[in-house]
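In our numbering, the protein residues as written are 1 to 287.
C-beta: ideal position from N, C-alpha, C; glycine also.
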Ligand SMILES: C[S@@+](CC[C@H](N)C(=O)[O-])C[C@H]1O[C@@H](n2cnc3c(N)ncnc32)[C@H](O)[C@@H]1O
């Protein structure tokens with residue numbers, strides 16, 4: 001094996017994004033986002049310092065563009081022309097408007113269509129951003145190499161399998177970073193199971209903020225290898241076992257108890273395969 005995985009671990013262990021001047025965010029800071037401030041700094045750093053421009057950047061689950069604005073800001077700071085692709089339905093309901101948009105300076109608007117707002121918010125980076133509105137499962141990736149893949153959309157096993165089928169085969173070995181933004185969100189335990197199915201292909205790199213885990217692609221899976229690793233083919237026991245395996249593998253990050261708790265939640269509600277089902281089954285509100 002080359003030195004790249006070891007060197008990558010050294011770089012990510014030092015968390016250089018944490019010491020970055022917040023001013024590097026620039027106007028990206030003004031775009032509403034569900035990300036924490038440290039996660040925004042990480043996204044800028046990834047696009048500016050880790051990415052070399054040898055592949056495109058993909059943001060799956062872009063909401064109104066906050067995550068993509070940080071990625072595009074990093075691209076702009078690096079002086080590159082890398083394309084940043086945003087995938088989302090780009091719709092917002094009244095609750096999201098009240099909680100996430102209006103308190104951050106967005107003027108009240110009628111209806112659920114967020115596309116005009118997203119275009120407006122991302123105007124500073126219009127040369128690099130490409131919007132792909134609609135349901136993710138209606139989208140087809142054109143096949144170009146992907147250097148940074150941000151996943152904040154895999155809210156069900158079916159969506160997680162779709163992401164792997166469309167994008168894992170476009171990753172660049174020993175270069176591409178996959179950010180599983182909601183990895184430690186306990187209502188999405190299948191993300192841990194999925195990365196365990198693909199354990200031979202990825203090296204865990206970093207735990208950033210509260211829930212986000214990043215991986216370095218070590219080897220590009222073939223379409224057959226991806227098809228053999230479908231969450232949809234796992235029964236309840238296999239899925240729970242994989243989550244427990246992930247707890248062991250990721251113990252060096254100090255997150256094993258959180259992953260164990262995710263396995264326990266799935267064990268209590270074994271047939272759930274989406275965050276919505278797990279939320280309902282476990283009696284959670286919408287907070
Ligand atoms: C957690 S939010 C993303 C937050 C975002 N990265 C940010 O910086 O604020 C998840 C997003 O996934 C989108 N989403 C969920 N399922 C989807 C689907 N099947 N197709 C398209 N978008 C979807 C939602 O519209 C939502 O904006």
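Spatial distance of residue i from residue j (CA atoms)
i           : j           : result
residue 217 : residue 200 : 9 Å
residue 243 : residue 262 : 8 Å
residue 229 : residue 161 : 8 Å
residue 281 : residue 94  : 24 Å
residue 78  : residue 26  : 14 Å
residue 68  : residue 202 : 23 Å
residue 76  : residue 44  : 10 Å
residue 71  : residue 237 : 38 Å
residue 272 : residue 23  : 42 Å
residue 267 : residue 283 : 15 Å
residue 122 : residue 104 : 15 Å
residue 15  : residue 28  : 20 Å
residue 256 : residue 108 : 42 Å
residue 135 : residue 141 : 13 Å
residue 258 : residue 112 : 35 Å
residue 221 : residue 5   : 17 Å
residue 33  : residue 99  : 11 Å
residue 1   : residue 12  : 19 Å
residue 80  : residue 31  : 21 Å
residue 205 : residue 159 : 23 Å
residue 174 : residue 8   : 9 Å
residue 287 : residue 3   : Annotation note: pLDDT 49 at residue 287 (below 50); position unreliable, coordinate value reported separately. So the alpha carbons of these two residues sit roughly 45 Å apart.
residue 252 : residue 37  : 24 Å
residue 10  : residue 219 : 19 Å
residue 245 : residue 120 : 44 Å
residue 97  : residue 124 : 22 Å
residue 225 : residue 150 : 21 Å
6 Å Cβ shell around residue i - same chain, five flanking residues per side excluded
i           : result
residue 260 : 247
residue 148 : 46, 51, 57 and 177
residue 239 : 193
residue 73  : 26, 28 and 44
Given residue i as reference, the closest of the options once Cα atoms are compared
i           : options               : result
residue 276 : 189, 179, 234 and 214 : 189
residue 82  : 155, 146, 100 and 132 : 146
residue 187 : 102, 250 and 274      : 274
residue 235 : 44, 270, 5 and 41     : 270
residue 193 : 173, 220 and 164      : 164
residue 290 : 227, 205 and 152      : Because the chain in this structure spans residues 1 to 287, residue 290 falls outside the shown range and cannot be described.
residue 48  : 37, 17, 31 and 33     : 17
residue 126 : 181, 85 and 159       : 85
residue 241 : 252, 195, 120 and 204 : 195
residue 139 : 167, 96, 119 and 150  : 167
Contact set for residue i: own chain, Cβ-Cβ below 7 Å, skip 5 residues either direction
i           : result
residue 39  : 208, 209 and 212
residue 143 : 170
residue 172 : 54, 55, 145, 147 and 217
residue 223 : 169
residue 182 : 152, 188, 191 and 211
residue 106 : 32 and 117
Same chain only: Cβ atoms within 8 Å of residue i, ignoring 5 sequence neighbours per side
i           : result
residue 115 : 90, 131 and 133
residue 20  : 41, 44 and 45
residue 110 : none
is_contact[residue i, chain C] using C-beta, thresh 8 Å
i           : result
residue 203 : Of the protein chains in this structure there is only one, and it is not chain C.
Supposed close pair residue i, residue j - CB separation, criterion 8 Å
i           : j           : result
residue 232 : residue 157 : 6 Å
residue 87  : residue 59  : 7 Å
residue 54  : residue 92  : Not a contact, Cβ separation roughly 34 Å.
residue 191 : residue 154 : 6 Å
residue 250 : residue 265 : The pair is not a contact, with the Cβ atoms about 17 Å apart (cut-off 8 Å).
residue 128 : residue 179 : That pair is no contact at about 18 Å.
residue 35  : residue 66  : 6 Å
residue 61  : residue 152 : 4 Å
Shell residues, 5 Å Cβ cut-off relative to heavy atoms of ligand 1 | Proximity to ligand 1 was defined by a C-beta distance below 5 Å to any of its heavy atoms, and the residues meeting it, in sequence along the chain, are 33, 34, 35, 61, 63, 66, 67, 88, 89, 135, 136, 152 and 153.
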